[in-house]
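Undergrad: So that we are looking at the same thing, I have put the structure below in C-alpha cells.
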Amino acid sequence: MITSNEYRQRLSKMRRNIYMDGKLVDRNHPRLQGAINILSKTYDIIHDPEFQQYEDILTATSHLTGQKINRFNNVHRSMTDLMSKQKMTRLICHQVGGCVARCMGIDSINAYSVVCFLTDQKYGTEYYKRFEKWLKKFQETDDVACCAQTDVKGNRKWRPYQQKDPDLYLRIIERKSDGIIVRGAKVHNSFAPAAEWINVLPTRALTADDKDWAVAFTVPADAEGVKQIVSAFTYDEREGSPGPWGGADSMTVFDDVFIPWEHVFLCGENDMGGYMALTFALFHRHSYTGCKPAMTDVLTGATALMAEINGIEKEQHVREKISELVCTSELCYGTGIAAAINGYRSPSGTWVPDIMYCNVSRRHAGINIYHEYDILADVAGGMPATLPRYGDWIHEETKPFIEKYMARNPDVDVHDVLKAFAWVQDMSCSEGAGVMQYAGVHGGGSPRMEQIAIMGAYNLENIKNIARRLAGIKTGKRYTFDRLGNILGSQ
Ligand SMILES: Cc1cc2nc3c(=O)[nH]c(=O)nc-3n(C[C@H](O)[C@H](O)[C@H](O)COP(=O)(O)OP(=O)(O)OC[C@H]3O[C@@H](n4cnc5c(N)ncnc54)[C@H](O)[C@@H]3O)c2cc1C
C-alpha cells in the first residue's frame with residue numbers, strides 16, 4: 000500500500016486534461032487540493048499509529064492475491080467485508096468532515112465483479128477474466144478510481160436511441176480488432192480530477208434498440224480524448240484545523256476515446272447494461288449507509304457545539320432536535336448493517352447487500368437532508384451566514400470590537416467562538432455546503448429511483464393478504480408466498 004506522497008506524485012505526472020473556469024490546469028491547482036487532501040486521508044490513515052486499532056476495517060485481504068490491500072480497492076467476499084466497508088466509510092468521513100469520495104471506486108469494482116461474471120455465463124463472453132486481470136494490478140498499485148455512471152441524458156423521457164443527438168448517452172461508435180471507440184459525456188463525476196482511473200458504466204435500463212449504449216469499461220483519467228470540465232472548491236485553511244478539505248466534480252467528455260479490449264467489461268449486452276446500472280446503484284446506496292450517518296454525526300456535533308456556544312445546550316427544544324438528528328443517523332446506519340446481514344453471495348462470490356434495506360436507508364437520509372441543515376441553522380442562529388471575515392478578526396481597528404461583541408458563553412474563548420462559526424459557515428452556508436446538500440438528495444440516484452427500487456422489492460401482495468385476513472375479506476386475487484416472500488401460487 001502506497002503513501003499519500005506517492006499518490007500526489009502520480010497525480011502530478013498525469014496528462015493535463017482538466018479545464019477549470021476557462022483554463023487548462025494541472026492537478027496541483029489550489030482549487031483541487033481540498034479533494035486531493037480527502038483522498039490522501041484514505042492513504043495516510045492506514046499508516047497512522049492512532050488508527051492501528053482499526054487496521055482490520057481499513058484494510059482487507061485481496062481474494063486474488065492474498066495480499067493486504069486498502070479496503071477501498073476490495074471486492075466484498077462476505078457479510079463482514081460489507082460491514083467493515085460501512086464502518087470504514089463512517090470512520091474516515093468523521094476525519095474529513097464530509098464525503099470520503101473513494102466509495103465510487105469500490106462500488107464500481109463490486110458492480111463489475113457481479114455483472115461481468117453473470118454476463119459471461121449468459122453470453123459466453125470473457126469480461127470477468129479481463130476485469131480480474133485489471134483489478135489485480137489496480138489493487139497492487141493502490142490507485143484511486145472514480146465512477147462515471149450518470150449520462151447527460153438529454154430529454155429525460157426518451158431512451159438513448161430516441162434522443163435527437165445519439166451522443167447524449169455515452170455510446171460505442173466503432174468496434175475494432177483491438178478495442179472500441181466511445182463518444183459521449185458523463186456528468187457529476189465526483190473527484191474525477193483526483194483519480195487515476197475512471198470506471199464507466201451505464202446509467203439506466205436499456206432496450207434491444209440501445210445496444211450501442213450498453214457499454215462498461217475502465218480508462219485512465221488522463222487518456223487521450225478524455226477531457227474533464229471541473230467544478231471544484233477548497234475551504235480556507237485555518238490555524239489548528241485539519242485539511243483543508245473540499246470537493247471536485249467533473250463533466251467528463253469522451254471525445255472519441257479508444258478503449259482496448261482488456262479494459263472493456265460490457266459491450267452491447269443491453270439487458271446486462273441495465274443490470275450493471277442497478278447493481279452499481281445498490282452498492283453505492285450501501286456506501287451511503289456509512290457516509291450519510293457520518294455526515295449527520297458531523298451536523299449533530301456542530302448543532303451541539305453551537306448550542307453550547309450560545310449557552311442553550313440544556314434547553315428542551317435543543318435536546319429534542321438533537322435526538323431527531325441521532326434518529327436519522329442511527330436508522331440509516333442500522334439499515335446498512337441489516338442490508339449486509341440480509342445480503343447474498345452472487346455467483347462470482349461477491350457479497351451483495353439487500354436491496355430493500357439499502358434503498359430504505361438511502362431514501363430516509365435523502366428526504367431528511369435539508370431538515371438536518373434546518374436544525375443546525377435554527378440552533379446556530381444567523382451568524383454562520385454573516386460572520387465577519389478573517390481579515391477583520393486580526394485588523395488592529397476591528398479586532399477589539401470583534402473580540403468584545405462576538406463573546407457568548409463565558410466558558411468558551413471568543414477565538415474559539417469565531418473558529419466554530421467559521422467552520423459551521425463552511426459546512427452549512429458555503430459553495431461546498433450547497434454541493435453536499437444536492438449530493439445528499441441526488442447522489443446514488445434521485446429519490447424517485449429509490450422509491451421505484453423499494454416498490455419493486457416490496458411484497459405488497461403479501462401485505463394485502465395479511466390485511467384481507469385481518470379484515471375478514473375474501474374477494475380479490477390472493478397470492479400465496481413462502482416465508483421468504485417468493486410467490487408460490489394464486490387463487
Ligand atoms: C454532488 C453530486 C455528486 C455526484 N457524484 C456522481 C458520481 O461520482 N458519478 C456519477 O455517475 N454520478 C454522480 N452523481 C449523479 C447522481 O447520481 C444524479 O444526480 C442522479 O442520478 C440524478 O440524475 P440527474 O442529476 O441527471 O437528475 P435528473 O435525472 O434529471 O432528475 C431530475 C428529476 O427528473 C426526474 N426524472 C428523471 N428522469 C425521469 C423520467 N424518465 N421520468 C420521470 N421523471 C424523471 C427525477 O426523478 C428527478 O425528480 C452525483 C450527483 C451530485 C449532485
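With numbering that gives the first Met the number 0 applied, the sequence shown covers 0 to 490. Glycine is no exception: its CB is placed at the ideal position from the N, C-alpha and C atoms. As the structure is a prediction and not an experimental result, all values here were calculated from the model.
1) Here's the rule: buried if 16 or more other CB atoms are within 10 angstroms of the residue's CB, otherwise exposed. What is Trp212?
2) Relative to the alpha-carbon of His262, which residue among Phe216, Gly246, Ala247, Gly245 has its alpha-carbon at the smallest distance?
3) Where do the ends of the alpha helix (DSSP H) carrying Thr288 lie?
4) Does Gly246 come out as helix, strand or coil in the three-state DSSP assignment?
5) Terminal residues of the continuous beta strand (DSSP E) containing Val99?
6) Relative to the C-alpha of Tyr6, which residue among Thr295, Thr41, Tyr18, Asp415 is closest?
7) Assuming contact is defined by CB atoms lying nearer than 8 Å, are Leu167 and Lys152 in contact in what I supplied?
8) Counting C-beta neighbours from all protein chains within 10 Å, is the total for Lys128 16 or more, i.e. buried, or is it exposed?
9) Taking 7 Å as the line, does the beta carbon of Val434 fall inside it for any heavy atom of ligand 1?
10) To the nearest angstrom, how far is the alpha carbon of Val252 from that of Leu23?
11) CA-CA distance, Asn464 and Gly455?
12) Whose C-beta lies closer than 6 Å to the C-beta of Asn198 among residues of the same chain, with five residues either side of it excluded?
13) Considering only the alpha carbon of each residue, which of Cys326, Ala303, Arg203 lies closest to Val504?
14) Out of Asn309, Glu430, Val317, which has the shortest C-alpha to C-alpha gap to Asp412?
15) Which residue spans inside the stretch 162-211 form an unbroken beta strand (DSSP E) run of at least 3?
16) Nearest-angstrom Cα distance between Ala207 and Asp270?
17) Would you say the beta carbon of Ser445 is closer than 7 Å to some non-hydrogen atom of ligand 1?
18) Under 8 Å, do Ala421 and Arg170 count as touching if we go by C-beta distance?
19) Whole-angstrom Cβ separation of Val256 and Ile180, contact assumed at under 8 Å?
20) Grouping DSSP H, G and I as helix and E and B as strand, with all else coil, what is Leu375?
21) Hey, does Asn36 have any beta-carbon neighbour from chain E nearer than 8 Å?
22) Going by the DSSP bridge assignment, what does Tyr53 pair with across the sheet?
23) Compute the distance between the beta-carbons of Thr334 and Tyr356, then report whether it is under 8 Å.
24) Given a cut-off of 8 Å, decide if Phe264 and Asn109 are closer than it, judged by their beta-carbon atoms.
25) Less than 7 Å between C-beta atoms, sequence neighbours within five positions excluded: which residues of the same chain meet that for Lys135?
26) Can you tell me whether Asn4 is buried or exposed? The criterion is at least 16 other CB atoms within 10 Å of its CB, across all chains shown.
27) Please confirm whether any heavy atom of ligand 1 lies closer than 7 Å to the CB of Thr155.
28) Taking only three categories from DSSP, how would you classify Trp392?
29) Cα separation between Asp177 and Ile258?
30) Just to confirm, is the Cβ distance from Cys98 to Met435 under 8 Å?
31) Ala147: beta carbon under 7 Å from a heavy atom of ligand 1?
32) Would you grab the beta carbon distance between Ala301 and Leu200 for me? Rounded to a whole angstrom, and I think it's under 8 Å.
33) With C-beta atoms as the reference, is Ile105 less than 8 Å away from Lys84?
34) Tell whether a beta-carbon distance below 8 Å holds between Arg361 and Gly289.
TA: Looking at the atomic coordinates:
1) Looking up residue 212 in the sequence shown gives position 213. The residue in question, Trp212, is buried, as its Cβ has 16 or more Cβ neighbours within 10 Å.
2) Position 263 of the sequence shown, counting from 1, holds the residue named residue 262. Ranking Phe216, Gly246, Ala247, Gly245 by Cα distance to His262 puts Phe216 first.
3) Translated into the one-based positions of the sequence shown, residue 288 becomes position 289. Looking at the DSSP string, the run of the alpha helix (DSSP H) that includes Thr288 is 269-308.
4) In the sequence shown, the residue the question calls residue 246 occupies position 247. In the structure shown, Gly246 sits in a strand (DSSP, three-state: E or B).
5) Numbered from its first residue, the sequence shown carries residue 99 at position 100. Segment: none, Val99 is in no beta strand (DSSP E) and carries neither H nor E.
6) The sequence position of residue 6 within the sequence shown is 7, counting from 1. Closest option to Tyr6, Cα to Cα, is Thr41.
7) Walking along the sequence shown from the start, residue 167 turns up at place 168. Walking along the sequence shown from the start, residue 152 turns up at place 153. Their beta carbons are under 8 Å apart, which means Leu167 touches Lys152 by this criterion.
8) Reading the sequence shown from its first residue, position 129 is the one you call residue 128. That one is exposed.
9) As a first step, residue 434 must be located in the sequence shown, where it is residue number 435. Answer for Val434: yes, Cβ within range of ligand 1.
10) Counting from 1 along the sequence shown, the entry for residue 252 is found at position 253. Counting from 1 along the sequence shown, the entry for residue 23 is found at position 24. Computed Cα separation, rounded: 14 Å.
11) Counted from its first residue, the sequence shown places residue 464 at position 465. Counted from its first residue, the sequence shown places residue 455 at position 456. Computed Cα separation, rounded: 18 Å.
12) As a first step, residue 198 is located in the sequence shown; it is residue number 199 there, counting from the start. Within the same chain, Asn198 has close Cβ partners Ser107, Ala144, Cys146, Thr217.
13) It is not possible to answer for residue 504, since the shown part of the chain is limited to 0 through 490.
14) Residue numbering aside, residue 412 sits at position 413 when the sequence shown is read from its first letter. Minimum Cα distance to Asp412 is reached at Asn309.
15) 170-174, 178-189, 196-199
16) In the sequence shown, residue 207 corresponds to position 208, counting from 1. In the sequence shown, residue 270 corresponds to position 271, counting from 1. C-alpha separation (whole angstroms): 8 Å.
17) Here residue 445 refers to the residue found at position 446 when the sequence shown is read from its first residue. Yes, ligand 1 has a heavy atom inside 7 Å of this Cβ.
18) Mapped onto the sequence shown, residue 421 falls at position 422. Mapped onto the sequence shown, residue 170 falls at position 171. Not a contact, by the Cβ cut-off of 8 Å.
19) For the purposes of this step, residue 256 is taken as residue 257 along the sequence shown, with counting starting at 1. For the purposes of this step, residue 180 is taken as residue 181 along the sequence shown, with counting starting at 1. Confirmed, Cβ separation roughly 7 Å.
20) Translated into positions along the sequence shown, residue 375 becomes position 376. The answer is helix: DSSP assigns Leu375 an H, G or I state.
21) Although the question refers to chain E, the structure presented lacks it and comprises just one protein chain.
22) Along the sequence shown, read from residue 1 onward, the residue named residue 53 stands at position 54. In the DSSP output, where bridge partners are listed per residue, Tyr53 has none listed.
23) For the purposes of this step, residue 334 is taken as the residue at position 335 of the sequence shown. For the purposes of this step, residue 356 is taken as the residue at position 357 of the sequence shown. Contact flag set, yes.
24) Counting from one through the sequence shown, the residue named residue 109 turns up at place 110. Counting from one through the sequence shown, the residue named residue 264 turns up at place 265. Going by C-beta atoms, Asn109 is not nearer than 8 Å to Phe264.
25) Here the question's residue 135 lines up with position 136 in the sequence shown. Cβ within range, chain order: Leu63, Thr64.
26) Here residue 4 refers to the residue found at position 5 when the sequence shown is read from its first residue. The residue is exposed, with fewer than 16 neighbouring Cβ atoms inside 10 Å.
27) Here residue 155 refers to the residue found at position 156 of the sequence shown. For clarity, residue 155 is Arg in the given sequence; the question names Thr instead. Yes, the Cβ of Arg155 comes within 7 Å of a heavy atom of ligand 1.
28) One-based indexing of the sequence shown puts residue 392 at position 393. Helix at Trp392.
29) Translated into the one-based positions of the sequence shown, residue 177 becomes position 178. Translated into the one-based positions of the sequence shown, residue 258 becomes position 259. Approximately 8 Å, taken between the alpha carbons.
30) Residue numbering aside, residue 98 sits at position 99 when the sequence shown is read from its first letter. Residue numbering aside, residue 435 sits at position 436 when the sequence shown is read from its first letter. In this structure, Met435 lies closer than 8 Å to Cys98 by Cβ.
31) Here residue 147 is taken as the residue at index 148 of the sequence shown, counted from 1. Yes.
32) In the sequence shown, residue 301 corresponds to position 302, counting from 1. In the sequence shown, residue 200 corresponds to position 201, counting from 1. The Cβ separation is near 35 Å, so there is no contact.
33) Counted from its first residue, the sequence shown places residue 105 at position 106. Counted from its first residue, the sequence shown places residue 84 at position 85. In this structure, Lys84 lies closer than 8 Å to Ile105 by Cβ.
34) In the sequence shown, residue 361 corresponds to position 362, counting from 1. In the sequence shown, residue 289 corresponds to position 290, counting from 1. Not a contact, by the Cβ cut-off of 8 Å.
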